[in-house]
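A.B. asks:
Quick look at the structure:
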């Protein structure tokens with residue numbers, strides 16, 4: 001059994017953070033350092049096919065929930081707080097409904113339990129257009145991605161996954177083949193009639209369309225104790241776009 005890669009920071013109350021699609025635990029390092037200062041042992045987890053965790057052809061939320069369960073068992077953790085963003089939010093929602101006895105509090109960042117139609121097509125197309133035998137430097141990779149992705153912020157986020165595989169060759173840390181083939185899995189809805197009765201906070205970006213007014217009854221149906229808060233001046237990457245307000249809401253809830 002392969003165990004997910006993580007970085008553990010601080011000591012105290014257990015907080016496990018799960019990143020979004022194309023991300024990695026490292027994206028959350030500055031928040032992790034703050035949580036550690038406030039008395040948490042933070043586990044920054046790389047989900048399968050992301051970061052430094054194992055690559056696998058199979059990729060769906062049931063598997064990712066199993067990975068998280070194995071991780072918790074491997075590290076002998078009990079009663080953890082969970083924070084998941086986007087794809088990570090879907091993983092922690094499903095995990096909490098399947099293993100409520102292991103979860104203390106749940107934070108879901110900018111994603112709802114509903115189904116999202118497959119998107120990210122232009123990102124996947126851009127990533128698949130990179131040929132590391134031709135794009136041999138980060139600058140050349142960025143220029144190649146820029147042909148299909150105009151937003152510099154998104155390119156910088158994706159570029160964090162570029163590393164030096166050998167002295168002469170760059171590569172992506174994520175498993176691009178599996179993510180491309182299983183792209184439709186990322187938007188899958190939380191199964192009907194699954195419920196987590198524990199304390200839950202949904203944080204949405206004010207400028208993001210991922211959690212709408214129409215989603216609120218569905219959120220309440222799955223998470224009867226859910227509180228929904230909006231982070232101002234932030235889109236889907238709310239923790240990066242308005243880190244101060246995001247952190248304020250999160251720590252207030254966890255404490």
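Numbering (the UniProt record's numbering), first residue to last: 1 to 255.
Positions of the beta carbon are idealized from the N, C-alpha and C atoms, including for glycine.
How many angstroms separate the CA atom of residue 150 from the CA atom of residue 144?
C.D. replies: The alpha-carbon atoms of residue 150 and residue 144 are separated by roughly 11 Å.
A.B. asks: Please check if any C-beta of chain D sits within less than 9 Å of the C-beta of residue 225.
C.D. replies: The chain labelled as chain D is not found in the depicted structure, where only one protein chain is given.
A.B. asks: Out of curiosity, what's the CA-to-CA distance linking residue 117 and residue 187?
C.D. replies: Looking at the two C-alpha atoms, the distance is approximately 6 Å.
A.B. asks: Would you say the region 194-206 touches the region 106-122, given that touching needs at least three Cβ pairs under 8 Å?
C.D. replies: Judged by Cβ distances under 8 Å, the region 194-206 makes contact with the region 106-122, as three or more pairs qualify.
A.B. asks: Using CA atoms only, rank isn't needed, just tell me which of 243, 52, 246 is closest to residue 161.
C.D. replies: The candidate whose alpha carbon is nearest that of residue 161 is 52.
A.B. asks: Tell me where the beta strand (DSSP E) around residue 263 begins and ends.
C.D. replies: The chain is shown from 1 up to 255; residue 263 falls before or after that span and cannot be answered.
A.B. asks: Output the distance between the C-alpha atoms of residue 36 and residue 178, rounded to the nearest integer angstrom.
C.D. replies: The straight-line gap from Cα to Cα measures roughly 34 Å.
A.B. asks: Three-state secondary structure (DSSP) at residue 202?
C.D. replies: Residue 202: strand per DSSP, three-state reduction.
A.B. asks: Going by alpha carbons, who is nearest to residue 246 out of 12, 21, 16, 31?
C.D. replies: Closest by alpha carbon: 31.
A.B. asks: Check whether the region 202-211 touches the region 235-243, taking contact to mean three or more Cβ pairs, one atom from each stretch, closer than 8 Å.
C.D. replies: Output reads yes: the region 235-243 touches the region 202-211.
A.B. asks: Please list, in chain order, all residues of the same chain as residue 1 whose beta carbon is under 7 Å from its beta carbon, the five residues on each side excluded.
C.D. replies: Once the five neighbours on either side are set aside, the close Cβ partners of residue 1 are 70.
A.B. asks: Whole alpha helix (DSSP H) runs in the UniProt domain "AB hydrolase-1" (14-136) with 4 or more residues, listed along the chain?
C.D. replies: Whole alpha helix (DSSP H) segments, 4+ residues: 29-37, 61-74, 87-98, 121-129.
A.B. asks: Considering just the uninterrupted stretch of the alpha helix (DSSP H) at residue 208, what are its terminal residues?
C.D. replies: Segment: none, residue 208 is in no alpha helix (DSSP H) and carries neither H nor E.
A.B. asks: Quick check: the Cα distance between residue 3 and residue 167, rounded to an integer number of angstroms?
C.D. replies: One C-alpha to the other measures close to 28 Å.
A.B. asks: Which residues in the same chain have their Cβ closer than 6 Å to the Cβ of residue 89, if we skip the five residues on either side of it in sequence?
C.D. replies: Excluding sequence neighbours, residue 89 sits near 108, 109, 111.
A.B. asks: Using three-state DSSP, classify residue 229 as helix, strand or coil.
C.D. replies: The answer is strand: DSSP assigns residue 229 an E or B state.
A.B. asks: Roughly how many whole angstroms lie between the Cα atoms of residue 251 and residue 8?
C.D. replies: Distance between the alpha carbons of residue 251 and residue 8: 18 Å.
A.B. asks: In the DSSP assignment, what are the bridge partners of residue 162?
C.D. replies: Per DSSP, 172.
A.B. asks: Can the beta-carbon of residue 114 be found less than 9 Å from the beta-carbon of residue 218?
C.D. replies: Yes, Cβ-Cβ distance for residue 114 and residue 218 is below 9 Å.
A.B. asks: Which partner residues does residue 9 have in the DSSP bridge list?
C.D. replies: Looking at the DSSP assignment, residue 9 forms a beta bridge with 42.
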